[in-house]
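Chemist:
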Amino acid sequence: MSLSNPNLTERSHAALENSVLQGALKAATTTFIERRRDAITSVADWEALRQRARQVKEHTINNLDYYLEQVVEKVEALGGKVFWARTGDDVSRYIIELARARGVKSVVKSKSMATEEIELNHALEAAGVRPVETDLGEYIIQLAHEKPSHIIVPAIHKTRSQISDLFEEKLREGRPNEVAEITAMARKRLRNEFLSAGMGITGANFLIAESGTVVLVENEGNIRLSTQVPKIHVAVVGIEKVIPRFDDLSVFLRLLPRSGTGQKQTAYVSFLNGPRQLESGFEFQLVLMDNGRTRILADEQMRESLYCIRCGACLNVCPVYQKIGGQAYGWIYPGPIGAVISPQLQSLGQSGDLPFASSLCGACRTACPVDINLPDLLLALRAKAKESGAGGKLSESLAMRSVAFAAKRPGLFELGGKVMRGIARLMSKDEKIKSVGFPPLSGWTRYRDLPAPPGGSFRERWKRNRHE
Amino acid sequence: MSNGASLNQNGVLDDVRRALGRSTTVPPVPLDPFIEPLDKAEPGELIARFTEEATAVRAMVYLMSDKLKFAGQIGALVAEICHTAGAKEVALSDSGLISEMNLHEQLTRQGLAVFAPEAASLGHERLVARLANCDLGLTAADYAIAETGTIVLSSDERNALLVSLLPPVHIALVRSSQIAATLGEVISRIGKERISRVGTSRSVTLITGPSRTSDVELVLSIGVHGPKELHLIIIDE
Chain S
1 MSLSNPNLTE RSHAALENSV LQGALKAATT TFIERRRDAI TSVADWEALR QRARQVKEHT
61 INNLDYYLEQ VVEKVEALGG KVFWARTGDD VSRYIIELAR ARGVKSVVKS KSMATEEIEL
121 NHALEAAGVR PVETDLGEYI IQLAHEKPSH IIVPAIHKTR SQISDLFEEK LREGRPNEVA
181 EITAMARKRL RNEFLSAGMG ITGANFLIAE SGTVVLVENE GNIRLSTQVP KIHVAVVGIE
241 KVIPRFDDLS VFLRLLPRSG TGQKQTAYVS FLNGPRQLES GFEFQLVLMD NGRTRILADE
301 QMRESLYCIR CGACLNVCPV YQKIGGQAYG WIYPGPIGAV ISPQLQSLGQ SGDLPFASSL
361 CGACRTACPV DINLPDLLLA LRAKAKESGA GGKLSESLAM RSVAFAAKRP GLFELGGKVM
421 RGIARLMSKD EKIKSVGFPP LSGWTRYRDL PAPPGGSFRE RWKRNRHE
Chain E
1 MSNGASLNQN GVLDDVRRAL GRSTTVPPVP LDPFIEPLDK AEPGELIARF TEEATAVRAM
61 VYLMSDKLKF AGQIGALVAE ICHTAGAKEV ALSDSGLISE MNLHEQLTRQ GLAVFAPEAA
121 SLGHERLVAR LANCDLGLTA ADYAIAETGT IVLSSDERNA LLVSLLPPVH IALVRSSQIA
181 ATLGEVISRI GKERISRVGT SRSVTLITGP SRTSDVELVL SIGVHGPKEL HLIIIDE
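One line per chain: the protein sequences are S and E, in this order. Counting from 1, position 155 in the first sequence corresponds to residue 155 in this note's numbering; the numbering is continuous, with no gaps. Counting from 1, position 198 in the second sequence corresponds to residue 198 in this note's numbering; the numbering is continuous, with no gaps.
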């Protein structure tokens with residue numbers, strides 16, 4: 001693994017030493033894996049659905065300009081407004097201006113990776129507009145001033161008793177002990193927020209081009225309240241969320257809940273078309289956000305990372321995520337998909353070490369409902385990181401070059417092997433090397449033993465055994 | 001605001017085209033439709049499947065014969081659910097089925113306060129505040145989906161989306177003829193209605209069980225922001 005940015009390593013160490021987190025991660029990822037496995041058996045041909053979903057995404061992304069134009073035309077025909085945002089700042093500025101123009105003091109928000117990505121809440125707070133997260137997990141995260149650790153269950157790293165403490169301290173209405181009491185306390189608090197907010201901000205799971213429809217999938221009802229109670233609804237949507245037709249949707253609605261939470265269907269799916277009513281005061285604003293996505297689009301190999309439907313299945317099955325959790329990834333997108341899109345949406349300089357945090361076991365690709373080739377994308381990003389120098393280390397590259405030099409010269413290779421084996425055997429005891437005092441081997445032997453190499457190379461043994 | 005919008009508008013769409021290696025948009029050949037295996041089930045089978053799936057996600061399901069509709073027995077069932085839930089005030093959506101069955105009068109006779117809002121009379125904020133104080137909401141579904149135990153409500157039925165959301169208990173009437181086998185069938189119907197009516201704003205919500213969360217230690221908790229109870233009365237036609 002690259003050590004160019006010691007932060008990932010440090011964050012991982014902190015996660016590994018946190019026994020509460022380790023317990024929570026183990027329980028959560030195991031449960032999700034089991035629920036998903038059961039849920040996908042309720043579909044006759046899961047693989048056919050996956051491949052169809054991939055085909056729809058591939059087609060849409062390759063014709064994104066056409067479908068985006070269609071979205072804009074339909075939304076405007078419905079009486080909605082469309083704003084194109086190149087950057088996260090564009091989005092924040094636009095929404096703040098809108099809130100000011102409409103005299104909005106507080107906004108209710110439903111869980112949205114797009115607005116997390118651009119840290120909209122910070123911008124709103126700084127501008128004197130109060131954002132209230134309404135998904136229970138996001139509400140917990142907001143009260144704790146933390147970042148989400150899972151795409152589907154943002155507060156997965158927190159135990160019930162930590163949440164009880166948090167509510168007692170922040171809400172000052174006593175200590176809720178049972179999960180039901182925590183839920184009831186949040187319901188009561190947030191109900192008032194819904195009724196008094198001037199604006200609801202959501203993301204979108206899908207945006208249907210042929211009708212300009214925003215599709216939102218949820219369990220709690222907070223998205224329904226955010227979009228049906230305040231008169232102004234703003235949807236912040238990454239440009240990759242478009243699908244062409246209504247008829248393309250059912251495939252995704254079968255894949256998403258089963259992959260995400262292991263449900264056949266979530267409690268609510270909302271289809272929203274333009275402003276709710278055509279009376280004055282009701283508004284629908286669609287913010288189409290680029291924020292680095294066209295950069296990904298321009299790279300033909302990396303383009304498929306835009307197929308992601310944010311289900312979180314690749315997190316749960318990833319042996320690295322299972323041990324370090326979401327916050328160790330350092331940004332809002334964790335797990336294998338995070339390791340692929342974070343360095344692209346941010347930069348290799350900022351998160352170019354993430355693609356190295358993978359064993360390339362391929363479990364993520366198998367779990368992915370749109371069959372994104374995550375291992376290959378991770379490899380490609382490693383190569384890019386090396387080329388750009390962001391993920392490289394001089395000693396590593398020197399070592400690789402000397403191996404390459406020797407490998408082309410059989411005599412030298414054999415001699416080198418003999419010398420190395422000799423040294424290694426001198427350092428070993430009982431066929432094991434238990435501790436090495438110098439890097440890079442010290443990094444390995446700090447946590448585990450290195451088996452001592454055998455007495456001869458494969459080629460020597462081959463020569464010997466052939467004559468027996 | 002509008003200046004910024006149009007500048008950005010041109011910018012992002014140009015970036016998209018550039019990333020795709022072209023300077024003008026070319027309409028694509030649409031994908032062939034995806035043919036899902038048709039699921040032809042007998043009406044009785046659909047009711048059974050719908051009931052099983054809805055019950056599995058903790059909805060309460062009741063099956064009533066259509067003949068009981070005018071005998072007032074469905075009204076009596078609604079009243080009973082209200083009493084069991086401890087509801088004092090019931091909100092009604094503006095549904096043909098509900099008025100056809102004269103439920104307003106029946107529930108009033110049972111001693112319940114009934115709130116059947118006329119859209120124009122109140123104004124949005126007051127309507128919302130009033131509904132949030134009701135104990136129970138009664139609506140009628142547009143469609144239902146047997147595969148997942150889902151009901152479909154739309155804003156065509158005035159106030160249905162708020163009446164089914166704000167009170168802590170929701171009762172929905174479902175005609176057995178509205179139950180489709182699969183999600184695909186219903187999505188395709190919703191789509192057709194919507195595309196043929198461009199210019200009309202229309203929201204639709206699929207509802208599968210009561211509101212729920214597993215955000216704390218993955219423990220299931222029912223009734224976060226939406227209703228804690230969902231009662232589905234199937235009227236067997």
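All C-beta atoms in this analysis are idealised placements derived from N, C-alpha and C, irrespective of residue type, glycine included. Note that the structure is predicted; figures quoted are calculated from it, not measured.
Which whole-angstrom value describes the C-beta separation of L136 of chain E and I98 of chain E, a residue pair presumed to lie in contact below a C-beta threshold of 8 angstroms?
Modeler: Counted from its first residue, the second sequence places residue 136 of chain E at position 136. Counted from its first residue, the second sequence places residue 98 of chain E at position 98. Incorrect: roughly 13 angstroms between the Cβ atoms, too far for contact.
Chemist: Between the Cα of P451 of chain S and the Cα atoms of S:F458, S:S435, S:K170, which residue gives the shortest distance?
Modeler: Position 451 of the first sequence, counting from 1, holds the residue named residue 451 of chain S. When each option's Cα is compared against that of P451 of chain S, the closest is S:S435.
Chemist: At the 8 angstroms Cβ level, is V153 of chain S part of the contact set with chain E, yes or no?
Modeler: The residue labelled residue 153 of chain S in the question sits at position 153 within the first sequence. Yes, because at least one Cβ of chain E sits closer than 8 angstroms to the Cβ of V153 of chain S.
Chemist: Looking at T159 of chain S: is its Cβ nearer than 8 angstroms to the Cβ of E237 of chain E?
Modeler: Taking the first sequence and counting its residues from 1, one reaches residue 159 of chain S at position 159. Taking the second sequence and counting its residues from 1, one reaches residue 237 of chain E at position 237. Cβ atoms of T159 of chain S and E237 of chain E: not closer than 8 angstroms.
Chemist: Taking C-alpha atoms, which residue in S:T213, S:A27, S:E414, S:D45 lies nearest to R461 of chain S?
Modeler: In the first sequence, counting from the first residue as 1, residue 461 of chain S sits at position 461. Considering only alpha carbons, the answer is S:E414.
Chemist: Does the Cβ-Cβ distance between T213 of chain S and L272 of chain S come in under 8 angstroms?
Modeler: Locating residue 213 of chain S in the first sequence gives position 213, counting from the first residue. Locating residue 272 of chain S in the first sequence gives position 272, counting from the first residue. Going by C-beta atoms, T213 of chain S is nearer than 8 angstroms to L272 of chain S.
Chemist: Could you pull the start and end residues of the alpha helix (DSSP H) that W331 of chain S belongs to?
Modeler: Along the first sequence, read from residue 1 onward, the residue named residue 331 of chain S stands at position 331. Per DSSP, W331 of chain S belongs to no alpha helix (DSSP H) and is neither H nor E.
Chemist: Is it the case that the Cβ atoms of I243 of chain S and T60 of chain S are separated by a distance below 8 angstroms?
Modeler: Position 243 of the first sequence, counting from 1, holds the residue named residue 243 of chain S. Position 60 of the first sequence, counting from 1, holds the residue named residue 60 of chain S. For I243 of chain S and T60 of chain S, yes; Cβs fall inside 8 angstroms.
Chemist: Given this structure, state the Cα-to-Cα distance separating V20 of chain S from V419 of chain S, to the nearest angstrom.
Modeler: Numbered from 1 along the first sequence, position 20 holds the residue referred to as residue 20 of chain S. Numbered from 1 along the first sequence, position 419 holds the residue referred to as residue 419 of chain S. Going from the Cα of V20 of chain S to the Cα of V419 of chain S covers about 46 angstroms.
Chemist: Can you tell which of S:G389, S:I152, S:V104, S:H150 has its C-alpha closest to the C-alpha of L132 of chain S?
Modeler: Within the first sequence, numbered from 1, the residue matching residue 132 of chain S stands at position 132. The sequence shown places Val at residue 132 of chain S, not Leu. The shortest C-alpha separation from V132 of chain S is found at S:V104.
Chemist: Confirm, please, whether the CB-CB distance from L68 of chain S to L239 of chain E is below 8 angstroms.
Modeler: One cannot answer for residue 239 of chain E here, as it falls past the ends of chain E, which runs 1 to 237.
Chemist: Less than 8 angstroms between the beta carbons of L315 of chain S and H467 of chain S, yes or no?
Modeler: For the purposes of this step, residue 315 of chain S is identified with residue 315 of the first sequence, where counting begins at 1. For the purposes of this step, residue 467 of chain S is identified with residue 467 of the first sequence, where counting begins at 1. No. Outside cutoff.
Chemist: Count the other CB atoms, across all protein chains shown, that sit within 10 Å of the CB of W84 of chain S; report buried if there are 16 or more and exposed otherwise.
Modeler: Mapped onto the first sequence, residue 84 of chain S falls at position 84. Buried, because 16 or more other Cβ atoms sit within 10 Å of the Cβ of W84 of chain S.
Chemist: Between the Cα of E34 of chain S and those of S:Q70, S:E119, S:Q263, S:T134, spot the shortest distance and give me the residue it belongs to.
Modeler: To locate residue 34 of chain S, count along the first sequence from 1; it is residue 34. When each option's Cα is compared against that of E34 of chain S, the closest is S:Q263.
Chemist: Does the segment 226-242 of chain S come into contact with the segment 106-116 of chain E, if we say contact requires no fewer than three beta-carbon pairs (one atom in each stretch) closer than 8 angstroms?
Modeler: Short answer: they don't touch.
Chemist: In chain E, which residues lie with their C-beta within 8 angstroms of the C-beta of Y268 of chain S?
Modeler: Taking the first sequence and counting its residues from 1, the one referred to as residue 268 of chain S is at position 268. Result: T205, L206, I207, T208, S211, G226.
Chemist: Hey, could you find the ends of the alpha helix (DSSP H) L236 of chain E is sitting in?
Modeler: Working through the second sequence from its first residue, we reach residue 236 of chain E at position 236. Looking at the sequence shown, residue 236 of chain E is not Leu but Asp. Run containing D236 of chain E: none in the alpha helix (DSSP H); it sits in the beta strand (DSSP E), 229-236.
Chemist: Could you please give me the residues that DSSP links to G137 of chain E through a beta bridge?
Modeler: As a first step, residue 137 of chain E must be located in the second sequence, where it is residue number 137. Looking at the DSSP assignment, G137 of chain E forms a beta bridge with E:A91, E:H170.
Chemist: Check T150 of chain E in the structure and name its three-state DSSP category.
Modeler: By 1-based counting over the second sequence, the position of residue 150 of chain E is 150. The answer is strand: DSSP assigns T150 of chain E an E or B state.
Chemist: I want to verify the contact list: residues of chain E whose CB lies under 9 angstroms from the CB of N62 of chain S, in sequence order.
Modeler: Numbered from 1 along the first sequence, position 62 holds the residue referred to as residue 62 of chain S. By Cβ distance, chain E contributes L20, P28.
Chemist: Return the residues of the segment 33-47 of chain E that lie within a Cβ-Cβ distance of less than 7 angstroms from chain S, sorted by chain order.
Modeler: Answer in chain order: P33, F34, P37.
Chemist: Restricting to Cα atoms, I'd like to know which of S:A24, S:N63, S:W46 is closest to P28 of chain E.
Modeler: Here residue 28 of chain E corresponds to residue number 28 of the second sequence, with the count starting at 1. With distances taken between Cα atoms, P28 of chain E lies closest to S:N63.
Chemist: I need the DSSP call for G238 of chain S, collapsed to helix, strand or coil.
Modeler: For the purposes of this step, residue 238 of chain S is identified with residue 238 of the first sequence, where counting begins at 1. Looking at G238 of chain S - three-state DSSP - the assignment turns out to be strand.
Chemist: Relative to the C-alpha of G325 of chain S, which candidate in S:F167, S:A155, S:V287 has its C-alpha closest?
Modeler: Position 325 of the first sequence holds residue 325 of chain S. It is S:A155.
Chemist: Following the continuous beta strand (DSSP E) through L206 of chain E, name the residue where it begins and the one where it ends.
Modeler: Working through the second sequence from its first residue, we reach residue 206 of chain E at position 206. Where L206 of chain E is concerned, the enclosing beta strand (DSSP E) stretches over 204-207.
Chemist: Answer yes or no: does any C-beta atom of chain E fall closer than 8 angstroms to that of N222 of chain S?
Modeler: As a position in the first sequence, residue 222 of chain S is number 222, starting the count at 1. True, the Cβ-Cβ gap to chain E drops below 8 angstroms.
Chemist: Counting Cβ pairs closer than 8 angstroms, one from the segment 69-78 of chain E and one from the segment 90-105 of chain E, do we hit at least three?
Modeler: Segments in contact, yes.
Chemist: Out of S:S250, S:L256, S:A424, point me to the one whose CA is closest to L441 of chain S's CA.
Modeler: Here the question's residue 441 of chain S lines up with position 441 in the first sequence. Checking every option, the nearest Cα to that of L441 of chain S belongs to S:A424.
Chemist: Counting only Cβ pairs nearer than 7 angstroms, list the residues of chain S close to H170 of chain E.
Modeler: Indexing the second sequence from 1 puts residue 170 of chain E at position 170. What H170 of chain E touches in chain S: nothing, since even the nearest Cβ is about 10 angstroms away.
Chemist: Can you look up E119 of chain S in the DSSP assignment and give me helix, strand or coil?
Modeler: Within the first sequence, numbered from 1, the residue matching residue 119 of chain S stands at position 119. Note: E119 of chain S maps to coil in three-state DSSP.
Chemist: Does any CB atom of chain E fall closer than 8 angstroms to the CB of S259 of chain S?
Modeler: Counted from its first residue, the first sequence places residue 259 of chain S at position 259. So no, S259 of chain S is outside the interface.
Chemist: So which residues on chain S does E217 of chain E lean against when the C-beta distance must stay under 9 angstroms?
Modeler: Reading the second sequence from its first residue, position 217 is the one you call residue 217 of chain E. Per Cβ cutoff of 9 angstroms: A24, A27, A28, I156, K158, T159, R160, I163, V179.
Chemist: Would you call S112 of chain S buried or exposed, if buried means 16 or more other Cβ atoms sit within 10 Å of its Cβ?
Modeler: The residue you call residue 112 of chain S lines up with position 112 of the first sequence. Result: buried.
Chemist: For L426 of chain S, count the other beta carbons within 10 Å of its own beta carbon; 16 or more makes it buried, fewer makes it exposed. Which is it?
Modeler: Mapped onto the first sequence, residue 426 of chain S falls at position 426. Exposed: under 16 other Cβ atoms inside 10 Å.
Chemist: For a test of the three-state rule: what should DSSP assign to T366 of chain S, helix, strand or coil?
Modeler: Start at 1 with the first residue of the first sequence, and residue 366 of chain S comes out as number 366. It is helical.
Chemist: Taking N62 of chain S as part of the alpha helix (DSSP H), name the residues at either end of that continuous run.
Modeler: Looking up residue 62 of chain S in the first sequence gives position 62. Segment 46-62, the alpha helix (DSSP H) holding N62 of chain S.
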